[in-house]
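All remarks here apply to the structure that follows.
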Amino acid sequence: MQRTLKNQYKRQDVFRCSHKAHFKFEKSVSVYHVLLEKKCFPQGCLYFFWKCRLLNKGNSCPKGFEHVGKKCFGCREYYEEKVCYQPELLLKQEEFEKFKKSLEEYQEWLEEVSGKDVEFSGEVNSVKPHLKKIIYPKGVSLKFKGFLLSFKSGWIDRVFFDDYLYARISVGAQRRLNFSRGDKLDFKARLIVDRGRIVLERVRYVEFSEKAGSPSWDLSEALVARSTGTEFDCQPERCLVCEKGCLLDVVDKSSFKEKIYRHLFCLAGTEDPENCLYDLKKKLEMEKVEKEN
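Each residue of the sequence shown is one higher than the one before, counting from 308 in this note's numbering.
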């Protein structure tokens, strides 16, 4: 009997959070964020907001500060507001119990394969540059790390993984093998979990059962896109499925506590995702080609 698994960590139909950081995602949060990163269910998580009685009333600060900061701690007008954000469970109790069983099965499987070599078979859904942004106290670095293949599903050993997963490809591998959308292939790789995502790295022994020959990225195009692309702190679904939209790994080292998160990066350099005309332009170009033929 075929064993099928879905990525229980990336499900966004289990919890919802009212923290303002999630407003741009319509309060959607992943299971991984709630149960493994924040570990805030069911007890919630506490936040302490710095407040000033004078600034709250529209008055000016005697020291000329416009915002509350660390230098305000000794001031008599300073106070902290404690707020507890508790994730809202979206499932009914019966559904939640079913989810917990699925999560347990998924985590048991991850323990078996995480950090180990696996055999993979699937069809490439997209090929995009893999970018990583590092924010330092005195500067920012946007690094090109190679390419990222995405798959809508695939076989991992004898398990059918019916969800998105990714493979990291070096510049040299892309130059030699020219991965493109629609390629059907088999390879061996090391499986890791990257903030809830299944990622295959150290890809080797690649065999193509079908070469699609679709347009793909090369090094020069990726470097140009890195320089001209635009970054957004939102992640519209239509941008993520667009051939010019990718997720940017961000590591913020500008303060004492390192922060890791992901932003949307538009490889086409669109200034506003809401007013993007890339898809429309693409359709018009295709219609023009069809008419000419």
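For every residue, glycine included, the Cβ atom is placed at its ideal position computed from N, Cα and C.
The continuous stretches of beta strand (DSSP E) do not include F348, and DSSP gives it neither H nor E. With fewer than 16 other beta carbons inside 10 angstroms of its own, N363 counts as exposed.
Its Cα nearest to that of S562, the residue P444 stands out among L456, L455 and P444. Just so you know, the alpha carbons of D493 and R509 end up roughly 14 Å apart. Annotated three-state conformation of H570 is strand, per DSSP. As computed with DSSP, D559 is found in a beta bridge with I442 and K566.
Remark: C-beta atoms of V431 and L456 approach each other more closely than 8 Å. For C546, the enclosing alpha helix (DSSP H) starts and ends at E544 to L547. Counting along the chain, the unbroken alpha helix (DSSP H) around W416 starts and ends at Q400 to V420. Look at C583 here: in three-state DSSP terms it is coil, with no helix or strand label.
According to DSSP, C541 shares a beta bridge with no other residue. Scanning its chain for C-beta atoms nearer than 8 Å, with the 5 sequence neighbours on each side dropped, one finds around L554 the residues Q542, L547, R569, H570, L571 and F572, in chain order.
For K358, the closest C-alpha among the options Y386, Q350, V338 and Q400 is that of Y386. S433 counts as buried, since no fewer than 16 other beta carbons sit within 10 angstroms of its beta carbon. The count of Cβ pairs closer than 8 Å, one atom from the segment 399-419 and one from the segment 310-319, reaches three, so the stretches are in contact. Considering only T535, G520 and F467, the residue with the shortest C-alpha distance to Q309 is F467. L417 is not a Cβ neighbour of F322, given a cutoff of 8 Å. Proximity to D424 across R511, E395, K345 and V375 peaks at R511, based on C-alpha coordinates.
Two segments are said to touch when three or more pairs of C-beta atoms, one from each, lie closer than 8 Å; by this definition the segment 337-351 does not touch the segment 514-524.
Taken through DSSP and simplified to helix, strand or coil, S534 comes out as helix.
About 27 Å separates the beta carbons of G520 and G576, which is beyond the 8 Å limit, so they are not a contact pair. Counting only the Cα atoms, D470 lies some 25 Å from L484. V420 is not a Cβ neighbour of I476, given a cutoff of 8 Å. The residue among K407, D490, L472 and G446 with its C-alpha nearest the C-alpha of E517 is D490. Boundaries for L361: no beta strand (DSSP E) harbours it, while the alpha helix (DSSP H) harbouring it runs R360 to N363, taken from the DSSP string. The C-beta of G376 has fewer than 16 other C-beta atoms within 10 Å across all chains shown, which makes the residue exposed.
According to the DSSP assignment, L472 belongs to the beta strand (DSSP E) that extends over L472 to I476.
Rounded to the nearest angstrom, the Cβ distance from L507 to F451 is 19 Å, too far for a contact under 8 Å. Sequence-distant partners of K440 (beyond 5 residues in either direction) whose C-beta falls short of 8 Å from its own C-beta, in its chain, are V447, S448, L449, K450, E538, L555, D556, V557, V558 and H570.
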